[in-house]
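Enquirer: Pasting a structure here, questions to come.
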Amino acid sequence: MEFLKNQIKKIFPEKIEVFPSITWEVINPLSPAQYQYLVEKRIPIVKIIISNPWNKSIENIQASIRVQDISDWIMSSCKKIDPKNLVTLKFTPLLQQEKLYSCEERNVNFEIKISFEDPRGKVRNYSDTKIVRILAKNDMIWSIKQGEFEEDFSQLIAAWVTPKDDEIQSLIHESANNVNAKAMRGLVGYQETEYISEMKEKIKLPAKKYQSIKIHLRQGCQISSILTNVDGGSGNDVNFALLNPEDMVIFERALRLSSQFAIPRVQSGYRINFTAPVENDYFLLFDNHFSTFADKNIGVSINIISPITHGEIVKYQLKAIYETIQQKGYNYVNTPISYAPGISQRVKRPSETIRLRGGNCIDGVVLFASCFESLILDTYIILLPQIGHSIVAVREWKDSNQFIFLETTFTGSKTFEESIRIGYETLKKYENGAKWIGITEARNKRIMPLT
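Per this note's numbering, residue 1 is the first one in the sequence shown, and the count goes up by one each step.
Structure representation (structure tokens):
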């Protein structure tokens with residue numbers, strides 16, 4: 001009897017009326033910044049789950065997906081799915097960059113096609129379409145709430161930091177001509193350097209008079225001062241010396257007492273080279289008391305090489321960039337919010353902010369952060385959720401625990417020093433809940449600049 005049943009089953013197989021369970025998920029909505037991050041991290045955008053309900057395997061499973069008008073079909077396959085088992089196929093379609101970044105937000109169709117052989121060897125087909133919202137290229141989704149859970153995407157703001165953009169590189173080259181950058185022989189990042197200051201003075205010195213130039217020198221400062229011109233009287237000469245405060249007092253006392261104070265009498269071309277043993281005020285002295293009638297016309301060139309701290313090296317570079325942007329006529333302009341779901345904001349790319357000469361707080365922050373990262377400075381974007389604001393910070397030196405905080409919204413109206421002070425005070429007031437987004441850390445997580 002059992003033999004007969006088996007023969008009947010062979011001749012009349014069981015009916016296959018059920019169909020595999022096929023479910024699929026796609027990230028929705030999808031922003032260009034999210035997409036770029038997912039591609040860099042090789043995180044799937046689409047997941048297809050196929051369950052086998054039968055007591056026999058299904059074979060030759062093929063699944064394809066495309067984004068209509070934005071990507072080609074891509075396929076994934078599986079040799080078989082065992083009875084009562086399932087398989088998950090994952091896809092990250094390669095979207096056409098010019099279409100992904102060139103348009104405003106819009107709906108697109110994600111399409112899937114699946115084929116497989118059921119236990120009887122019959123080829124089955126399945127297809128489906130889902131509508132996905134592709135956000136505008138400048139839409140930044142800070143977070144999305146799903147039920148009780150809120151997913152934080154704030155670190156993706158690092159994608160708007162674009163140090164290699166042509167506009168940023170051009171701005172850096174302009175900043176290198178700023179007086180603060182020139183004084184350090186350029187924008188040097190975290191490299192040791194010195195600060196070089198130069199000045200030229202012309203002095204008209206009457207007979208029987210003296211004049212001095214007070215210069216504050218740090219310990220180790222090197223000063224080189226040369227007389228470029230001395231005219232007047234038969235000798236075309238002048239008494240010329242560099243005095244510390246004590247010697248200056250002695251000189252002035254000597255004049256009052258009509259006593260002698262030895263000072264070299266020199267002519268054009270004479271140079272004084274001096275290294276300050278201690279930090280103090282020093283005086284370049286020009287004395288014409290020896291002349292009864294002749295006034296002196298004097299030209300002097302002064303060159304000072306000052307040792308500077310690590311924090312000052314960084315600060316002078318930030319100031320050079322700040323003043324260059326300021327000179328371009330940068331102004332604070334509040335810009336429209338995004339209409340993307342969740343907590344979102346429309347953020348300009350730095351190149352657009354440069355072109356428009358203005359933006360809101362986050363626009364300014366990513367602009368400055370792009371410049372600072374270009375110099376390989378350890379840069380942070382600090383979000384202040386309490387007031388819906390942001391500032392930018394830079395580590396004072398490699399491995400230092402000290403930072404320089406910059407408020408960017410006053411670039412058009414306040415000095416660099418004022419914006420530094422305001423940045424520090426703002427963070428101190430609202431540091432509870434502040435989010436620090438390290439650009440280097442973001443790059444290590446494959447959050448790369450938007451293309």
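Heads up, the beta-carbon is just placed ideally off N, CA and C, and yes, glycines get one too.
Could you say if the region 283–299 and the region 326–334 meet the contact criterion of at least three C-beta pairs nearer than 8 Å?
Expert: no
Enquirer: For K461, name the three-state secondary structure that DSSP assigns.
Expert: Since the first and last residues shown for the chain are 1 and 451, residue 461 lies out of range.
Enquirer: Considering just the uninterrupted stretch of the beta strand (DSSP E) at A241, what are its terminal residues?
Expert: V238 to L243
Enquirer: Measuring only the C-alpha atoms, how far is T324 from S170?
Expert: Rounded to whole angstroms, the separation of the alpha carbons of S170 and T324 is 11 Å.
Enquirer: Are A181 and Q327 closer than 8 Å when you measure CB to CB?
Expert: no
Enquirer: In three-state terms, what does DSSP make of E104?
Expert: If DSSP states are grouped into helix, strand and coil, E104 belongs with coil.
Enquirer: Go through its chain and collect everything with a Cβ distance to S212's Cβ below 6 Å, but skip five positions before and after it.
Expert: F283 and L285
Enquirer: Kindly indicate which three-state DSSP category F91 falls into: helix, strand or coil?
Expert: strand
Enquirer: I'd like to know whether the C-beta atoms of A33 and A176 end up nearer to each other than 8 Å.
Expert: Not closer than 8 Å, so no.
Enquirer: Could you tell me the alpha carbon to alpha carbon distance between V46 and V132, rounded to whole angstroms?
Expert: 11 Å
Enquirer: Report the residue from K414, Y270, Y101 and Q260 whose alpha carbon sits nearest the alpha carbon of A463.
Expert: Lying before the first or after the last residue shown, residue 463 is absent from the chain, which here runs from 1 to 451.
Enquirer: Going by Cα to Cα distance, which pick from D237, G388, A442 and P449 is closest to R265?
Expert: Closest option to R265, Cα to Cα, is D237.
Enquirer: Where do the ends of the alpha helix (DSSP H) carrying I362 lie?
Expert: Segment C361 to S374, the alpha helix (DSSP H) holding I362.
Enquirer: Please look up how many angstroms separate the CB atoms of I302 and E198, rounded, as I've assumed it's under 8 Å.
Expert: 7 Å
Enquirer: Please identify the residue among K113, V87, D82 and D72 whose C-alpha is closest to the C-alpha of Q97.
Expert: D72
Enquirer: With the cut-off set at 8 Å, would you say T426 and I391 are in Cβ contact?
Expert: T426 is a Cβ neighbour of I391, given a cutoff of 8 Å.
Enquirer: Less than 6 Å between C-beta atoms, sequence neighbours within five positions excluded: which residues of the same chain meet that for D363?
Expert: K348 and T353
Enquirer: Does the region 78–86 come close enough to the region 48–63 that 3 or more CB-CB pairs lie under 8 Å?
Expert: yes
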